[in-house]
Amino acid sequence: MSEASFVFGEKPITIESGDGVGLTGSRGKEYLDVGASYACAPLGHAHPAVTEAIREQAARLTYVQGSYPVRARTDLYDRLSALAPGDASKVWLCNSGTEANEAAIKFARHATGRSKVVSTMQAFHGRTMGSLACTWKDEYKEGYGPLAGDVEFVPYGDAAELAGAVDEETAAVILEPIQGEGGVNPAPEGYLADAREITEAAGAAMILDEIQTGIGRTGDLWACESEGVVPDVLTAAKGIANGLPMGATLVREWIAENPGNHGSTFSGGPVPCAAANATLETVVEEDLPGHAREVGAFFRAELEALAEETNAIRDVRGRGLMVGVEVKRGANAILRDLAIEHGVLALPAGRTVVRFLPPLTVEEADCERVVEALGKAL
Ligand SMILES: Cc1ncc(COP(=O)(O)O)c(C=O)c1O
């Protein structure tokens with residue numbers, strides 16, 4: 224650990240290398256990374272196709288200013304456009320989730336000429352001023368104000384409350400299809416479709432934040448596909464380039480034709496684009512959403528069996544390989560025990576939820592190991 228950093232909460236484990244779902248610590252200890260390092264390694268660590276794409280691109284051209292088209296970026300525009308839900312197929316690239324949402328809010332405000340944004344309680348959309356304003360938890364906001372204003376919060380999953388908040392001044396509604404940080408809370412059936420109708424009727428943009436749910440994690444390439452909902456704006460990031468910084472804001476034509484003047488120096492750098500092309504190609508060719516659906520169902524069934532056995536689990540929820548286990552005592556102590564005693568690296572989602580976002584390549588045997596370790600930790 225370094226004394227030179229501040230703010231960031233480091234863990235007492237130094238990681239030297241990774242391979243698939245596994246990570247190796249500095250003293251040779253092996254870990255199972257079933258948080259996929261904040262969901263940034265959907266193909267697992269050091270995936271050969273991504274490593275090779277990075278190596279090849281870096282050797283040829285690491286960066287050129289964005290005003291000159293380069294092959295890796297053009298290919299990624301085309302690939303994302305083809306994979307986009309419905310006609311939300313115009314692409315803007317950036318470097319992180321918060322930036323993708325920041326752009327989404329700016330584009331929606333510009334295209335509608337309105338300012339109000341409706342977000343939801345327990346939502347997490349990022350930590351820059353606009354995204355942070357749409358994030359629920361005060362802890363992340365204290366002392367940083369004033370944030371970008373005109374944001375109203377409604378209870379997640381309640382279509383009537385949403386309808387009551389959206390009016391002719393609303394530029395956008397921003398939603399996660401399954402709230403991640405907020406506790407792994409799946410939207411009730413029909414909620415996204417209701418939100419689609421409500422926003423359409425008011426002339427407001429529907430922004431779906433698929434930064435955690437996207438790229439196959441929930442069993443579909445995009446979580447909104449399971450409800451047949453096409454948003455006006457979809458944001459993606461985290462695992463899109465399997466660990467390199469990359470975010471994307473996908474928009475419908477009515478937004479793309481009136482986006483204002485937005486940009487970023489590193490928007491679509493060739494190396495992250497090459498990594499994203501290799502990642503998306505692998506996700507599609509190997510049908511990793513299908514794998515996530517199957518292994519996720521197995522994993523949740525095993526966790527539910529554990530819940531019956533131990534009486535220490537309040538709820539098992541999620542979809543595909545986005546899984547939350549609500550425990551009856553603090554999640555942090557369990558996560559520490561899982562990591563230090565059992566070599567299993569998972570994530571918190573609030574105080575009482577242990578969150579699993581494993582690489583989409585995870586196998587049933589890995590899940591069995593995790594469930595066994597969780598049983599011991601509980
Ligand atoms: C749903 C969601 N939106 C936005 C973000 C912010 O992404 P980033 O940390 O890349 O800025 C996150 C990160 O956890 C997230 O889970």
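Here the working numbering is used: the first residue of the sequence shown is 224, the next is one more, and so on.
The C-beta atom is built at its ideal place from N, Cα and C for all residues, glycine as well.
**Request:** Would you give the residue range spanned by the alpha helix (DSSP H) that Leu457 belongs to?
**Result:** Where Leu457 is concerned, there is no enclosing alpha helix (DSSP H), although the beta strand (DSSP E) around it starts and stops at 456-459.
**Request:** Report buried or exposed for Pro378, applying the criterion of at least 16 other Cβ atoms within 10 angstroms of its Cβ.
**Result:** By the 10 Å Cβ count, Pro378 comes out exposed.
**Asked** Tell me which same chain residues have a C-beta within less than 7 Å of the C-beta of Ala501, skipping the five on either side of it?
**Response** Non-local beta-carbon contacts of Ala501 in its own chain, meaning distances under 7 Å to residues more than five positions away in sequence, involve Ala272, Val273, Ala276 in chain order.
**Message:** Under 8 Å: does the beta carbon of Glu399 sit that close to some heavy atom of ligand 1?
**Reply:** yes
**Request:** Report the three-state DSSP secondary structure of Arg209 (helix, strand or coil).
**Result:** Residue 209 cannot be examined here, being either before or after the span of the chain that is shown, 224 to 601.
**Asked** Among all the DSSP beta bridges, which residues are the ones paired with Gly571?
**Response** In the sequence under discussion, the amino acid at residue 571 is Pro, which differs from the Gly named in the question. The partner list for Pro571 (beta bridge, DSSP) reads Val577.
**Asked** For the segment 482-566, which segments carrying the alpha helix (DSSP H) assignment without a break, of at least 4 residues, lie completely within its bounds, in sequence order?
**Response** Unbroken alpha helix (DSSP H) runs of no fewer than 4 residues, entirely contained in the segment 482-566, are found at 493-508, 511-533, 554-565, following chain order.
**Request:** On the DSSP bridge assignment, give the partners of Cys317 in chain order.
**Result:** Gly470.
**Message:** Pull the bridge partners of Gln402 from the DSSP assignment, please.
**Reply:** Asn408
**Message:** Closer than 8 Å to a non-hydrogen atom of ligand 1 - does that hold for the CB of Phe330?
**Reply:** no
**Request:** State the DSSP-derived secondary structure class of Phe330, mapped to helix, strand or coil.
**Result:** helix
**Prompt:** Candidates Glu527, Gly543, Leu544: which alpha carbon is nearest Arg537's?
**Reply:** Glu527
**Prompt:** Measuring CA to CA, which of Gly372, Gly541, Gly241 is closest to Ser342?
**Reply:** Across the set Gly372, Gly541, Gly241, the C-alpha of Gly372 shows the shortest separation from the C-alpha of Ser342.
**Message:** Whole angstroms are fine: how far does the CA of Ala535 sit from the CA of Ala459?
**Reply:** 34 Å
**Supposed contact pair His348 and Asp432 - C-beta distance, whole angstroms, cut 8 Å** = By a beta-carbon distance limit of 8 Å, Asp432 contacts His348. Their separation comes to about 6 Å.
**Asked** Based on the DSSP output, what are the partners of Lys339 in its beta bridges?
**Response** Thr393
**Asked** Looking only at C-alpha atoms, which of Tyr291, Pro493, Leu503 sits nearest to Trp445?
**Response** Leu503
**Message:** If the criterion is Cβ atoms closer than 9 Å, does the pair Ala323 and Cys317 meet it?
**Reply:** yes
**Which listed residue (Met545, Ala471, Asn484, Asp589) has its alpha carbon closest to that of Ser490** = Ala471
**Item:** Exposure label - Thr441; buried when at least 16 CB within 10 Å
**Value:** When all chains shown are included, Thr441 counts as buried.
**Request:** Kindly indicate which residue of Tyr254, Val230, Gly309 has the alpha-carbon position closest to the one of Thr237.
**Result:** Tyr254
**Prompt:** Can at least three beta-carbon pairs, one atom from the segment 474-481 and one from the segment 513-533, be found at a separation below 8 Å?
**Reply:** no
**Asked** Is any heavy atom of ligand 1 found at a distance shorter than 8 Å from the C-beta of Ala460?
**Response** yes
**Asked** How would you write the range of the alpha helix (DSSP H) that Asp626 sits in, first residue to last?
**Response** Given a span of 224 to 601 for the chain in the structure shown, any question on residue 626 remains unanswerable.
**Asked** If you compare alpha carbons, which of Pro411, Ala388, His565 is closest to Asp256?
**Response** Out of Pro411, Ala388, His565, His565 has the C-alpha closest to the C-alpha of Asp256.
**Message:** ligand 1 and Asn465: does any heavy atom of the ligand fall closer than 8 Å to the residue's C-beta?
**Reply:** With a cutoff of 8 Å, Asn465 does not count as near ligand 1, since its C-beta is closer than that to no heavy atom of the ligand.
**Item:** When Ser225, Ile463, Leu266, Lys329 are compared against Gly241, the one with the closest alpha-carbon
**Value:** Leu266
**Prompt:** With which residues is Ala428 paired in a DSSP beta bridge?
**Reply:** Ala395
**Request:** Take every Cβ of the segment 553-562, pair it with every Cβ of the segment 392-402, and state whether three or more of those distances are shorter than 8 Å.
**Result:** no
**Message:** In this structure, how does DSSP classify Asp301 when only helix, strand and coil are distinguished?
**Reply:** helix
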